[in-house]
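To convert, note that position 91 of the sequence shown is 75 in my numbering; the numbers rise steadily by one, no gaps.
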Amino acid sequence: MALYGYGLLFLAALLEVGGDALIRLGLHSHLALARLALFLVGGLVLLAYGLVVNAPAWDFGRLLGVYVTLFFVVAQAVNWSVFGLKPGPPILVGGSLIQAGGVVVTLWRA
């Protein structure tokens, strides 16, 4: 997969995690207008994610192996920076297994 492909996957991860974060913020908002705005923007961001990740004609099964690794890293970064939740040992150990799986899916040639 070319650098362009990894860039698209990283953009897709940013959009998916960002959309999820906006929905989460909306669920915990006490202001009705803010909740509605967060839901709408979050939904649009998730729609953009779906378009970015599905527009190219690539092997979807192989793509998901790589995508999950990027998604995990971006999700942990957002969880820490936006929600203040630093990843602990179980997340770090499990995340290293996710990363190892991504390497296998990416590099193993049948």
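Virtual Cβ for every residue (Gly too), placed ideally from N, Cα, C. All values derive from a computational prediction rather than experimental measurement.
Please classify Tyr51 as buried or exposed, where buried requires at least 16 other C-beta atoms within 10 Å of its C-beta. Numbered from its first residue, the sequence shown carries residue 51 at position 67. Buried, because 16 or more other Cβ atoms sit within 10 Å of the Cβ of Tyr51.
Does DSSP put Leu15 in a helix, in a strand, or in coil? For the purposes of this step, residue 15 is identified with residue 31 of the sequence shown, where counting begins at 1. Coil at Leu15, not helix or strand.
Euclidean distance between Cα positions of Leu54 and Gly34: Residue mapping note: residue 54 aligns to position 70 of the sequence shown, counting from 1. Residue mapping note: residue 34 aligns to position 50 of the sequence shown, counting from 1. Cα to Cα, the separation comes out at about 15 Å.
Once the 5 residues before and after Ala5 are set aside, which same chain residues still bring their CB inside 7 Å of it? Your numbering for residue 5 matches position 21 in the sequence shown. Same-chain partners within the cutoff: Val62, Val66.
Can you tell me the Cβ-Cβ gap for Phe56 and Gly26, rounded? I've got them flagged as a contact below 8 Å. To locate residue 56, count along the sequence shown from 1; it is residue 72. To locate residue 26, count along the sequence shown from 1; it is residue 42. The Cβ separation is near 20 Å, so there is no contact.
Note the first and the last residue of the continuous alpha helix (DSSP H) segment covering Leu47. Your numbering for residue 47 matches position 63 in the sequence shown. Element bounds for Leu47: 44 to 67.
Please name the residue, chosen from Val87, Gln60, Leu11, that lies closest to Gly72 on a Cα-to-Cα basis. As a first step, residue 72 must be located in the sequence shown, where it is residue number 88. Out of Val87, Gln60, Leu11, Gln60 has the C-alpha closest to the C-alpha of Gly72.
Please identify the residue among Arg93, Leu(-8), Val29, Trp92 whose C-alpha is closest to the C-alpha of Ala41. As a first step, residue 41 is located in the sequence shown; it is residue number 57 there, counting from the start. Comparing Cα positions, the closest option is Leu(-8).
Look up Arg93 in the DSSP assignment and say whether it is helix, strand or coil. In the sequence shown, the residue the question calls residue 93 occupies position 109. Arg93 falls in the coil class under three-state DSSP.
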